[in-house]
Amino acid sequence: MTRHINPFGRSTSRSTCHVIKEAIVYINGTPFVLKELNKPVDTLKHVGITGPVVEHMEARLKEDILSEVRESGGRMLVHREEFSPSSNQSSVVGYWENIFTDDVKIAVELYAALKDEGYNIEYRMILLTREREALASDVDEIQNCQDDSSGCYLYVSHIGFGGVAYAMAIICCRLDAKAFILFHILGNQFFIPALCHLTFQCAGTRHLRADILHYSKELEKVPSDDDENRAYIMDMGVKGMRLRYFFLITFRSYLYSTSPIKMKFTTWMDARPELGHLCNNLRIDK
204 MTRHINPFGR STSRSTCHVI KEAIVYINGT PFVLKELNKP VDTLKHVGIT
254 GPVVEHMEAR LKEDILSEVR ESGGRMLVHR EEFSPSSNQS SVVGYWENIF
304 TDDVKIAVEL YAALKDEGYN IEYRMILLTR EREALASDVD EIQNCQDDSS
354 GCYLYVSHIG FGGVAYAMAI ICCRLDAKAF ILFHILGNQF FIPALCHLTF
404 QCAGTRHLRA DILHYSKELE KVPSDDDENR AYIMDMGVKG MRLRYFFLIT
454 FRSYLYSTSP IKMKFTTWMD ARPELGHLCN NLRIDK
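For the sequence shown, my numbering begins at 204 and goes up steadily by one.
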């Protein structure tokens, strides 16, 4: 990917943001995560997880892999997912991978190795999960990745793309902040169309508004007496609104009214508790 972005050299500055939901280990350059064998497409849920915890989990996972490789004579049974277009179904296939000690790397080691090879990369880990509530500090962490010296921004996520689309939209807001002032001068009637255009620009990874519509339609299909399923779909839809679209709207307003240099988005939100109240009362069934 780094060669694709700049095939003629390695000097271009790149800000690489690893948008994660769970621990990832690279074996021979291929990313692997822990999964339940009978639920290979489900993300393992880690309540209350933080960035340092994920890094610790990755380090422990690497130790476990190397220990198993030594006991198995330099090999390890891993699995990959294969999709069949003819049947429109996926299956999990196990295979033996030959592994040396240097073949196993966690994310921070992988990007450090790229930097040693001469790539001008600044690596950041951003933790975004639907299992916890949205935080204004998430937005600050994403917008802090914006760097005038960066020639490009690369977002990496191996488990879903909703977080990538969200992070891309935040950075796009920052990069186009000066252009957005024109919309502000012309009037608020341009605010929502501009935001719609922004989400459409980032839809190559995932369409944030379409996600909310999907859960809203799914909720209509659930029988009224299926409380458990209704509660789950409602929770996922509302978290999508809070974690992504609501904070995009408030972040755009924040960029209109102040400068990130003067005030953090978290501070701006704390000074407006009515926005937090509005966020906490969002629903997708009304």
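Glycine included, each C-beta is placed from N, C-alpha and C at the ideal position.
Sequence-distant residues of its chain with Cβ nearer than 6 angstroms to residue i (five each side left out)
i           : result
serine 294  : Glu285
lysine 318  : Ile324
alanine 339 : Phe468, Thr469 and Met472
leucine 313 : Tyr229
Coarse secondary structure for residue i, derived from DSSP in three states
i                 : result
serine 456        : helix
glycine 321       : coil
asparagine 483    : helix
methionine 466    : coil
lysine 265        : helix
glutamate 300     : strand
serine 294        : strand
arginine 273      : helix
glutamate 225     : coil
phenylalanine 386 : With a pLDDT of only 45 at phenylalanine 386, under the threshold of 50, the placement of this residue in the model should not be trusted; the figure read from the coordinates follows. Three-state result, phenylalanine 386: helix.
phenylalanine 364 : At phenylalanine 364, the pLDDT of 46 sits below 50, so the modelled position is not reliable; the number obtained from the coordinates is stated separately. Phenylalanine 364 falls in the coil class under three-state DSSP.
The beta strand (DSSP E) enclosing residue i, as first and last residue numbers
i                 : result
valine 425        : No beta strand (DSSP E) holds valine 425; DSSP gives it neither H nor E.
proline 234       : 233–235
arginine 475      : Careful: arginine 475 lies outside any beta strand (DSSP E) and carries neither H nor E.
phenylalanine 286 : 278–287
lysine 308        : 307–309
Local Cβ density within 10 Å of residue i, reported as buried at 16 or more and exposed below that
i              : result
arginine 455   : buried
methionine 279 : buried
tryptophan 471 : buried
glycine 443    : buried
glutamate 239  : exposed
isoleucine 373 : buried
glutamate 344  : buried
arginine 304   : According to the sequence as given, residue 304 is threonine; it is not arginine. Label assigned to threonine 304: exposed.
leucine 416    : exposed
tyrosine 298   : exposed
alanine 474    : exposed
leucine 458    : buried
glutamine 292  : exposed
valine 256     : exposed
glutamine 392  : Legend: pLDDT at glutamine 392 = 46, less than 50; position of this residue unreliable, value from coordinates given subsequently. It is exposed - the Cβ of glutamine 392 has fewer than 16 other Cβ atoms within 10 Å.
valine 296     : exposed
glutamate 225  : buried
For residue j and residue i, believed in contact at Cβ under 8 angstroms, the rounded distance
i            : j                 : result
valine 311   : phenylalanine 450 : In fact, because the Cβ distance is near 27 angstroms, the residues do not count as touching under 8 angstroms.
valine 307   : glutamate 261     : Not really, about 11 angstroms apart at Cβ, beyond 8 angstroms.
arginine 433 : valine 425        : 5 angstroms
leucine 330  : threonine 253     : 7 angstroms
leucine 237  : leucine 269       : With 8 angstroms as the limit, leucine 237 and leucine 269 do not qualify as a contact, their Cβ atoms being about 15 angstroms apart.
arginine 277 : asparagine 301    : Contrary to the premise, residue 277 reads as glycine rather than arginine in this sequence. At roughly 6 angstroms, the Cβ-Cβ gap stays under 8 angstroms, so glycine 277 and asparagine 301 are in contact.
For residue i, the first and last residue of its enclosing alpha helix (DSSP H)
i              : result
lysine 238     : Element bounds for lysine 238: n/a, residue is neither H nor E.
lysine 442     : 430–443
isoleucine 345 : 339–346
Residues near residue i in its chain [Cβ-Cβ closer than 8 angstroms; skip 5 each side]
i              : result
serine 462     : none
alanine 316    : Lys308
leucine 478    : Thr453 and Met472
isoleucine 436 : Tyr418, Glu421, Leu422 and Val425
7 angstroms Cβ shell around residue i - same chain, five flanking residues per side excluded
i              : result
leucine 485    : Val441, Met444, Arg445 and Phe449
serine 275     : none
isoleucine 464 : none
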